[in-house]
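Quick note, the sequences are listed as chains A, B and C, same order. Start counting at 1 in the first sequence, then tack on 55, and there's your number in the numbering used here. Start counting at 1 in the second sequence, then tack on 5, and there's your number in the numbering used here. Start counting at 1 in the third sequence, then tack on 801, and there's your number in the numbering used here. Glycine included, each C-beta is placed from N, C-alpha and C at the ideal position. A quick note: this is a predicted structure, and the numbers were derived from the prediction, not measured. Here is the structure we will look at.
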Amino acid sequence: MSAAVATNPADLVAAARRGDRRAFEALYRQHVGAVNALCLRLSGDVTIAEDVTQEVFVRAWRKLDSFRGDAPFGAWLRRLAVNAALNDRRSHSRRLARVVPIAAPERAGVRRTPGAAMDLERAVAALPPKARHVFVLAAIEGWTHAEVARELGVTEGTSKAQLYQARKSLREALR
Amino acid sequence: MNRILTLLALSCAPALASPINEQIDLPDGNEVLIENTCGEITVAGLERDGVVVRGELGDDAELNVSRSGKRVSVRVKGDGEGFFSGWSEDACATLRVEVPVHTELSIEAVSAEIEIGGVHSEISVEVVSGDIWIGEGPSSVDIESVSSDVTLKGVTRELEVELVSGDVTVENAHGRVDFTSVSGDLNLSGAGLSRVQAESVSGDIRIVGGLESGARLDLTCHSGDVDMVLPKGTSGAFEVQSFSGGIDLMGVKPKSREYGPGASLNHAIGEGSAEISITTFSGNVEIKEQ
Amino acid sequence: MNDKQLDDLINGLADEVAPERDLWPDIEARLAQPAASMPAHRPAPGRWWGQLALAAAVLVSVAAGAWWSQTPVEAPAAVALADLSDDAIADAADTGWRGELQTADDTLAAALDERRGTMEPELLLIIEQNLTIIDDAMADIDAAMDAAPDDPTLRAALIDAWRQRIGLMERARALTDS
Chain A
56 MSAAVATNPA
66 DLVAAARRGD
76 RRAFEALYRQ
86 HVGAVNALCL
96 RLSGDVTIAE
106 DVTQEVFVRA
116 WRKLDSFRGD
126 APFGAWLRRL
136 AVNAALNDRR
146 SHSRRLARVV
156 PIAAPERAGV
166 RRTPGAAMDL
176 ERAVAALPPK
186 ARHVFVLAAI
196 EGWTHAEVAR
206 ELGVTEGTSK
216 AQLYQARKSL
226 REALR
Chain B
6 MNRILTLLAL
16 SCAPALASPI
26 NEQIDLPDGN
36 EVLIENTCGE
46 ITVAGLERDG
56 VVVRGELGDD
66 AELNVSRSGK
76 RVSVRVKGDG
86 EGFFSGWSED
96 ACATLRVEVP
106 VHTELSIEAV
116 SAEIEIGGVH
126 SEISVEVVSG
136 DIWIGEGPSS
146 VDIESVSSDV
156 TLKGVTRELE
166 VELVSGDVTV
176 ENAHGRVDFT
186 SVSGDLNLSG
196 AGLSRVQAES
206 VSGDIRIVGG
216 LESGARLDLT
226 CHSGDVDMVL
236 PKGTSGAFEV
246 QSFSGGIDLM
256 GVKPKSREYG
266 PGASLNHAIG
276 EGSAEISITT
286 FSGNVEIKEQ
Chain C
802 MNDKQLDDLI
812 NGLADEVAPE
822 RDLWPDIEAR
832 LAQPAASMPA
842 HRPAPGRWWG
852 QLALAAAVLV
862 SVAAGAWWSQ
872 TPVEAPAAVA
882 LADLSDDAIA
892 DAADTGWRGE
902 LQTADDTLAA
912 ALDERRGTME
922 PELLLIIEQN
932 LTIIDDAMAD
942 IDAAMDAAPD
952 DPTLRAALID
962 AWRQRIGLME
972 RARALTDS
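As structure tokens, then:
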């Protein structure tokens, strides 16, 4: 079945695993918005998010054989996205927020769209990295604290404390 | 004995990593050098002789495992000339290496995540970037990196870390610690610290733990803070100065400096046997007793 | 804002945020020919090291009191500026050192500029951001020295900061020269 005809995700994945790049492009088009949203929220930076999103799809192509199909393809991509975003070396530049003022949402490049949701996006981008990671994974992505703790290499208690602080900071920022 | 094994991974589409499974004889107490362009390096020290190398090799990576006298070399090279120049993602490798527990271990990589456990001898790591985790047991650790977060679970004799950026967390440190960074933090806890020389420009230096009698500490930050928590009964002579930062030494008030603004404080606690010198430009200094 | 209001905002977040540009062309290019994260070519050898040797020569000249000399002298290749002793730099300080040290620094910085295109972007970013941190520290100390020129600790602090700056540029050189 050619990629021009196939739209069923399972068929697209099967075709992509056989090396069909057009099928993979279709998968890219189906999932790039969700992956980019996740990368953007974890990194707090438009440029970094786009680079990481690109990296996610390149890795996904290379690891297609390891996708077992026991979870939706989108969920598998999101897992790759979390790994890629958290391990992105440029996140180290965030440490410099101690000396350079922490990236204001405008500087972080989060796109302006009207409404309170945009204010929330900007406020999340302005959180310190660890708090932002915990908030995005726990409050937006719905991970349990056990899952967050395992991913970030912290205790469940730390994850809960970080989420509490993040929510407190956001409530104050969005007053 | 000189046994050389070269494994070339063939490329295919989609790209697949090739598994690695090699063994080579090496008695305990000798040397292992691991070179990897990029990827992951995990080393486990075990109570037995011999070096085992497992993992996965990228399409364009070449593995060479050899022994010359007392040293086993495990080298992964990607395309491009030289060690630090020109590499691609397909030159990456995941290496899981088992070595005898008292092996002197050297690791060189461009960009790799490194994890070492159970090695009780000297460890040297030189990377450009990639986080480093080392379990307790090594007698001395020497790390040089541009950008890494470093976690050490215990060093018995000597630690030297030179970073540009990245945070260093050390538990159960003993003996001598040398730390240099531009923007990284040092979080050091231990007992029996005899010599600590730590400097960071914007990073913070935090020390929790006991000093040997006669210990010498020199701590310098520009805008970073210096915090110390010392056990009750610590004996030390403090010389603290800051151009514009605050100083709080167990509630003792600092004096104005002779030159310019800022404050300085010379104060001894106990018999003053350890010598502690702390200098900041704008960072704050806080020293407390547990 | 209370917790419920925050939760309502979270639930109202978009499930998707499209990138500002189409990433597929770049992704496809990488799938077809995996891109090198660092360029495979070697930078022209010698130029950077030549600049460093020149800078070292200038500083050695300054330390020897011959700062007016325009003729570069042979500098031991192994002696980076960062390895010069405090005494040598302090001597240089007494003979009106700042201009010459600045020249040496500018030479290294110019050489780093030339190598910029050969460095991995992430690495270059880290090097540059940390140079900025050191520069900011040196500016702080400079301003303080204007107010308190006799303060010996400030001069020591400036020497330390300059040593770190030179050391960092030297490391960047070593990375591009390997």
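Can you confirm whether residue i, when its beta carbon is compared against all beta carbons of chain A, has any partner nearer than 8 Å?
i               : result
E821 of chain C : yes
R964 of chain C : no
M939 of chain C : no
Suppose you measure from the CA of residue i to the CA of residue j; what does that come to, to the nearest Å?
i               : j               : result
S224 of chain A : F190 of chain A : 11 Å
D941 of chain C : S287 of chain B : 9 Å
E176 of chain B : M255 of chain B : 24 Å
T225 of chain B : I274 of chain B : 21 Å
S98 of chain A  : V90 of chain A  : 12 Å
E227 of chain A : M802 of chain C : 7 Å
T977 of chain C : V132 of chain B : 14 Å
R80 of chain B  : K805 of chain C : 56 Å
A201 of chain A : T156 of chain B : 22 Å
A178 of chain A : V57 of chain B  : 49 Å
I139 of chain B : E120 of chain B : 6 Å
D232 of chain B : L229 of chain A : 33 Å
S121 of chain A : D136 of chain B : 25 Å
R117 of chain A : D100 of chain A : 26 Å
E110 of chain A : G74 of chain A  : 18 Å
R114 of chain A : E105 of chain A : 14 Å
I296 of chain B : A193 of chain A : The requested residue 296 of chain B is not part of the displayed model; chain B covers only 6 to 295.
E211 of chain A : V203 of chain A : 8 Å
D107 of chain A : A136 of chain A : Strictly speaking, residue 107 of chain A in this sequence is Val, with Asp absent from that position. Distance between the alpha carbons of V107 of chain A and A136 of chain A is about 8 Å.
Spatial neighbours of residue i within its chain, please: C-beta separation below 6 Å, excluding the five flanking residues on both sides.
i               : result
L175 of chain A : none
L110 of chain B : V37, V124 and I128
H86 of chain A  : G129 and L132
L168 of chain B : S150, S186 and G189
Q246 of chain B : S269 and T284
R113 of chain B : Going by the sequence as given, residue 113 of chain B is Glu instead of Arg. Contacts found: E40 and E131.
D147 of chain B : S129 and E165
What are the boundary residues of the beta strand (DSSP E) that residue i is part of?
i               : result
A201 of chain A : Note, A201 of chain A: premise wrong, no beta strand (DSSP E); alpha helix (DSSP H) at H200 to L207.
C43 of chain B  : E36 to L51
R200 of chain B : L191 to S205
P826 of chain C : Per DSSP, P826 of chain C belongs to no beta strand (DSSP E); it is in the alpha helix (DSSP H), W825 to A833.
N177 of chain B : V173 to S186
T156 of chain B : V155 to L157
Within the 8 Å Cβ cut-off, does residue i reach chain C?
i               : result
T99 of chain B  : no
T108 of chain A : yes
V173 of chain B : no
S170 of chain B : yes
E80 of chain A  : yes
R187 of chain A : no
F248 of chain B : yes
F286 of chain B : yes
A92 of chain A  : yes
Under 8 Å Cβ to Cβ from residue i, same chain only, skipping five residues before and after it: list those, please.
i               : result
L51 of chain B  : E103, V104, P105, V106 and G123
P826 of chain C : none
M946 of chain C : D952, L955, R956 and L959
Name the two residues that bound the continuous alpha helix (DSSP H) containing residue i.
i               : result
H125 of chain B : Where H125 of chain B is concerned, there is no enclosing alpha helix (DSSP H), given that its DSSP letter is neither H nor E.
M920 of chain C : Run containing M920 of chain C: none; DSSP gives neither H nor E here.
E165 of chain B : Taken as a continuous stretch (DSSP letters only), E165 of chain B belongs to no alpha helix (DSSP H), being part of the beta strand (DSSP E) at E163 to E167.
I103 of chain A : V101 to R117
G88 of chain A  : R76 to S98
Under 8 Å between C-beta atoms, does residue i make it to chain B?
i               : result
R972 of chain C : yes
A910 of chain C : no
Would residue i pass as an interface residue toward chain F - the criterion being a Cβ-Cβ separation below 8 Å?
i               : result
H272 of chain B : Among the protein chains of the structure shown, namely A, B and C, there is no chain F.
With a threshold of 7 Å on Cβ separation, who are the neighbours of residue i within its own chain once the five nearest residues in sequence on each side are excluded?
i               : result
A833 of chain C : none
Q42 of chain A  : Summary: the structure shown does not reach residue 42 of chain A, with chain A confined to residues 56 through 230, and so no result is reported for it.
DSSP on residue i, reduced to helix/strand/coil?
i               : result
A273 of chain B : strand
P184 of chain A : helix
M802 of chain C : coil
E113 of chain B : strand
M233 of chain B : strand
P953 of chain C : helix
G288 of chain B : coil
W850 of chain C : Unreliable placement is indicated for W850 of chain C, whose pLDDT of 26 sits below 50; the coordinate value is still reported in the next sentence. Three-state DSSP puts W850 of chain C in a helix.
T62 of chain A  : coil
E161 of chain A : Note on E161 of chain A: pLDDT 36, under 50, position unreliable in the model; no value is reported.
T225 of chain B : strand
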